[in-house]
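A quick write-up on the structure given underneath.
There are 2 protein chains.
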Amino acid sequence: MFQSGYQGTGVRDICSAAGAPQGSFTNHFRSKEAFAREVLDRYFAHVKTAVSEALNDKSLTPRQRLKRYLDIISGRLEGDRWRRGCLIGDFSLEASSHSEFLRERLEAIFQEWRTPFAECIAEAQAAGEIDSKFDPVDLAEFLLASWEGAILRMKVEQAPAALERFKTIIFNTVFKEQK
Amino acid sequence: MFQSGYQGTGVRDICSAAGAPQGSFTNHFRSKEAFAREVLDRYFAHVKTAVSEALNDKSLTPRQRLKRYLDIISGRLEGDRWRRGCLIGDFSLEASSHSEFLRERLEAIFQEWRTPFAECIAEAQAAGEIDSKFDPVDLAEFLLASWEGAILRMKVEQAPAALERFKTIIFNTVFKEQK
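Each protein sequence line maps, in turn, to chains A and B.
With the numbering used here applied, the first sequence covers 482 to 660.
With the numbering used here applied, the second sequence covers 482 to 660.
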C-alpha cells in the first residue's frame, strides 16, 4: 500500500505479496478497507514509538524534544532514500475521499497523535521556552500538518531539502526559543 | 483522477467518463501517464489564475497579497465542501513514486509555482513588511509545502479548521507584520 496506494492495491496483490491464498484473506478481513485500517493502525503504532522516544526524553527541554521527533522521522525517511513518505499522509489524501471508515480512523489518529505534542508544547510555553500566544493544541495540529506538507514536497524532490528547510524555519519562528 | 487518484483511474474509466471509445484515447495519448500530465498541466493553469489574481493585485501590500492567495484557494476548497484537496498535492503523494515522468513534471511545477511567491516575499522584505531573516525562495517553498499539509489535514476533517489555523499562525509568526 506504501508503493501502490490504497486504490492501486487489490486484494489479489496483497495475497500474492503475502504468499497466501485469497480465501485466507476473507477469513481474516471483512474487506480491503478493514485490511487497510489494520495496516494504518500498525503504521501509527510505529510512528508512536518515535513520538515516545522523542517526547519522553527528559534529558531534553520540551522544545528540543519537538525537534528531536522531527529528526527521528527525518532519519527514517532517509532510510527509504526519501522515496517513501508517511502512510498517514498518503492515506489522508488518497483514501479519505473513498472510504468514510478510513477517513474517520484517520481523524481519530490525528487527534491522538497531536495530544502528546500539545502537552509538550504546553510545557515549553509554561517554561517560557517558546511564545505562549497560541493554544498548544492548535500549534500541535499546525506542526503535524505542516510537517506532512514538508514530507509531500520531499517525496517529489526525492531529497531532504524540504525537511531541513521546514525545521530551520519553524524553530526560528513559530517555535523560536525565547530569550 | 481527483476522485479515484492516479492509480485508481484506468484508461477504461477515463474513456467511459468522457463518453469516448478507447481507441480515441490511444489516438491522443501515448499512455495514462501522458494523459495525467495533461490533467496536471491544466490543473496547474487553473492554480496560476489564483496566483495572478492575488499576487498581481497592486492595491494590496505584498504581505496582504500572500494572504489573499490563501483566501482565494480556501474559497475554492469550500466550493467542494472540503472534500477535494489539491491535485498537485494528491499527485505528489500518489503518482510521484510510480511515475518518474510525473514526478519530474511535479518538481518543475513546484519550482515554477514558487517563483512569483518568492518575488512577492522579497518585495515584502524589501519594504520591511516582514522579517528578512530567511531567503525568499526558501520561504516560498515553505509556504506552499506547509499549505499542502493544511489541505491534507482539511481533507481528513472535511472542514476548514486546518486552513484557518494555518493562516492565523503563519501570518502571526513566519510572515508576521513588522512594526
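Beta carbons are placed, not taken as given, at the ideal position from N, Cα and C, and that holds for glycine.
These figures come from a predicted structure and were not determined experimentally.
Worksheet item: Nearest chain A C-beta to A631 of chain B closer than 7 angstroms, yes or no?
Response: As a first step, residue 631 of chain B must be located in the second sequence, where it is residue number 150. Interface residue, yes.
Fill in: Contacts around K657 of chain A, its chain only, beta-carbon distance under 8 angstroms, and the 5 residues preceding and following it disregarded
Residue 657 of chain A sits at position 176 when you count from the first residue of the first sequence. Closer than 8 angstroms at the Cβ level, and outside the excluded window around K657 of chain A, lie I611, D612.
Worksheet item: So, does the CB of E575 of chain B fall closer than 7 angstroms to a CB anywhere in chain A?
Response: As a working note, residue 575 of chain B is residue 94 in the second sequence. Output row for E575 of chain B: interface = yes.
Discussion item. Please state the DSSP three-state secondary structure of S580 of chain B.
Written reply: Numbered from 1 along the second sequence, position 99 holds the residue referred to as residue 580 of chain B. DSSP places S580 of chain B in coil when its eight states are reduced to three.
Worksheet entry | Residues near T542 of chain B in its chain [Cβ-Cβ closer than 8 angstroms; skip 5 each side] | Translated into the one-based positions of the second sequence, residue 542 of chain B becomes position 61. Once the five neighbours on either side are set aside, the close Cβ partners of T542 of chain B are A605, A608, E610.
Worksheet entry | Proximity below 7 angstroms, CB of A621 of chain B to CB of A599 of chain B | For the purposes of this step, residue 621 of chain B is taken as the residue at position 140 of the second sequence. For the purposes of this step, residue 599 of chain B is taken as the residue at position 118 of the second sequence. Closer than 7 angstroms, so yes.
Worksheet item: Thinking C-alpha only, which one of A:Q592, A:R586, A:R544, A:T649 is nearest A603 of chain A?
Response: In the first sequence, residue 603 of chain A corresponds to position 122, counting from 1. Of A:Q592, A:R586, A:R544, A:T649, the residue nearest in Cα terms is A:R544.
Worksheet item: Using CA coordinates, which residue listed in B:S512, B:M482, B:L624, B:L568 is at the minimum distance from A498 of chain B?
Response: Taking the first residue of the second sequence as position 1, residue 498 of chain B is located at position 17. Of the listed residues, the one whose Cα sits closest to A498 of chain B is B:M482.
Practice prompt. Keeping to the same chain, check which residues put their C-beta closer than 7 angstroms to that of I554 of chain B; ignore five residues upstream and five downstream.
Written response: Counted from its first residue, the second sequence places residue 554 of chain B at position 73. Contacts found: A531.
Fill in: chain B within 7 angstroms of A626 of chain A, Cβ atoms only
As a first step, residue 626 of chain A must be located in the first sequence, where it is residue number 145. Closer than 7 angstroms to some Cβ of chain B, the Cβ of A626 of chain A qualifies, so yes.
Discussion item. Considering only their Cβ atoms, is the gap separating L583 of chain A from A576 of chain A smaller than 7 angstroms?
Written reply: By one-based count along the first sequence, residue 576 of chain A stands at place 95. By one-based count along the first sequence, residue 583 of chain A stands at place 102. Closer than 7 angstroms, so yes.
Worksheet item: Would you say R646 of chain B and D616 of chain A are within 7 angstroms of each other, going by their C-beta atoms?
Response: Counted from its first residue, the second sequence places residue 646 of chain B at position 165. Counted from its first residue, the first sequence places residue 616 of chain A at position 135. Cβ distance not < 7 angstroms, so R646 of chain B and D616 of chain A don't count as in contact.
Fill in: Residues of the region 592-615 of chain A with Cβ closer than 9 angstroms to any Cβ of chain B, in chain order
D612, K614, F615
Practice prompt. Give the range of the alpha helix (DSSP H) segment to which F506 of chain B is assigned.
Written response: Sequence index remark: in the second sequence, residue 506 of chain B carries index 25 (1-based). Element bounds for F506 of chain B: 503-509.
Fill in: Neighbourhood of L644 of chain A by C-beta distance below 6 angstroms, restricted to the same chain and skipping five residues each side
If you number the first sequence from 1, residue 644 of chain A lands on position 163. S555, A631, M635, listed in sequence order.
Practice prompt. With 9 angstroms as the limit, tell me which residues of the region 482-507 of chain B have their beta carbon closer than that to any beta carbon of chain A; keep them in chain order.
Written response: F483, Q484, S485, G486, Y487, Q488, G489, T490
Worksheet entry | Nearest to V637 of chain A (by Cα), restricted to the options B:F506, B:F591, B:W628, B:S512 | Residue mapping note: residue 637 of chain A aligns to position 156 of the first sequence, counting from 1. For V637 of chain A, the nearest C-alpha among the options comes from B:F591.
Item to complete: Give, in chain order, every residue of the region 509-542 of chain A whose Cβ lies closer than 9 angstroms to some Cβ of chain B.
Response: none
Worksheet item: When you compare each of B:T654, B:N653, B:A640 to G560 of chain B by their alpha carbons, which one comes out closest?
Response: For the purposes of this step, residue 560 of chain B is taken as the residue at position 79 of the second sequence. If we check each option's Cα against that of G560 of chain B, B:A640 comes out closest.
Worksheet item: Can you check whether the CB of S573 of chain A is closer than 7 angstroms to the CB of E514 of chain A?
Response: Position 33 of the first sequence holds residue 514 of chain A. Position 92 of the first sequence holds residue 573 of chain A. No, they are not a contact pair.
Worksheet entry | Assigned exposure category for E629 of chain B - 16 Cβ within 10 Å defines buried | In the second sequence, the residue the question calls residue 629 of chain B occupies position 148. E629 of chain B should be labelled buried.
Worksheet item: Under a CB-based cut-off of 7 angstroms, is I650 of chain B close to chain A?
Response: Translated into positions along the second sequence, residue 650 of chain B becomes position 169. So yes, I650 of chain B belongs to the interface.
Fill in: Distance between R562 of chain B and D552 of chain B (C-alpha atoms, nearest Å)
Counting from 1 along the second sequence, the entry for residue 552 of chain B is found at position 71. Counting from 1 along the second sequence, the entry for residue 562 of chain B is found at position 81. Going from the Cα of D552 of chain B to the Cα of R562 of chain B covers about 15 angstroms.
Worksheet item: Which of helix, strand or coil does DSSP assign to A608 of chain A?
Response: Here residue 608 of chain A refers to the residue found at position 127 when the first sequence is read from its first residue. DSSP places A608 of chain A in coil when its eight states are reduced to three.
Worksheet item: Can you name the start and end residues of the alpha helix (DSSP H) that D561 of chain B belongs to?
Response: For the purposes of this step, residue 561 of chain B is taken as the residue at position 80 of the second sequence. Segment: none, D561 of chain B is in no alpha helix (DSSP H) and carries neither H nor E.
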